[in-house]
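Report on the following structure.
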Amino acid sequence: MKLAILWNESFLWGLITFWSCKSAGIPFDLVRSDEIKLGILDNYQILLVPGGWAAQKGKSLGDTGKQKVREFIRLGGSFLGFCGGAGLALDVPYDLSLLPLKRKGARDRLVNLSGGVLLNPVDTSHA
61 MKLAILWNES FLWGLITFWS CKSAGIPFDL VRSDEIKLGI LDNYQILLVP GGWAAQKGKS
121 LGDTGKQKVR EFIRLGGSFL GFCGGAGLAL DVPYDLSLLP LKRKGARDRL VNLSGGVLLN
181 PVDTSHA
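Residue numbers (this note's numbering): 61 to 187.
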């Protein structure tokens, strides 16, 4: 099994995927959108797309990259997407349209957070 992980626009989710695969002993290569546009998926059986913003991933792939992913799947490759990676498979203008499904509008989705997290320890010894 040759596994490619799409690195573009994956942020924290890409790091989690990277370290999870590494600690589980799963061999993989990180691939970028520009490499996908040039046909690198010909060397893989699975494309894993971590979370992150699906729209940004779609923009990064562009029409050429999205067509290469569709061709990869048509020729027997597997696509595994988590969170925004799964969103990339949906049928909306910036995505791959692999499935006849659409996302709920932003107002109808579960509340989520995005961005950095700052942890500030609280001294409770005097409370």
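We put the CB at the ideal spot given by N, CA and C, even for glycine.
Quick caveat: nothing in here was measured; it's all calculated off a predicted structure.
Start and end residues, beta strand (DSSP E) containing residue i
i: Asp94; result: That residue, Asp94, is in no beta strand (DSSP E); its alpha helix (DSSP H) goes Ser93 to Lys97.
i: Ala58; result: Since the first residue shown for the chain is 61 and the last is 187, residue 58 is missing from the structure and cannot be characterised.
Same chain only: Cβ atoms within 7 angstroms of residue i, ignoring 5 sequence neighbours per side
i: Met61; result: Gln105 and Ile106
Contacts around residue i, its chain only, beta-carbon distance under 6 angstroms, and the 5 residues preceding and following it disregarded
i: Ile133; result: Phe139
i: Asp89; result: Ala64
Among the options, the one whose alpha carbon lies nearest that of residue i
i: Gly191; options: Asp102, Gly118 and Tyr154; result: The question about residue 191 has no answer here: the residues shown for the chain are numbered 61 through 187.
i: Lys66; options: Gly111, Ile86 and Ser83; result: Checking the displayed sequence, the identity of residue 66 turns out to be Leu instead of Lys. Considering only alpha carbons, the answer is Gly111.
i: Phe71; options: Lys97, Ala114, Asp155 and Gly85; result: Ala114
Contact check, residue i vs residue j, beta carbons under 8 angstroms
i: Gly118; j: Leu75; result: no
i: Ser93; j: Leu121; result: yes
i: Leu159; j: Leu108; result: no
In DSSP terms, what residue i is bridged to
i: Ile76; result: Partner(s): none; Ile76 has no beta bridge.
i: Ser138; result: Ile106
Residue i, enclosing alpha helix (DSSP H) - first and last residue
i: Val129; result: Ala114 to Arg134
Residue i at chain B interface by Cβ criterion, 8 angstroms
i: Leu107; result: Considering every chain present, this structure includes no chain B. It has just one protein chain.
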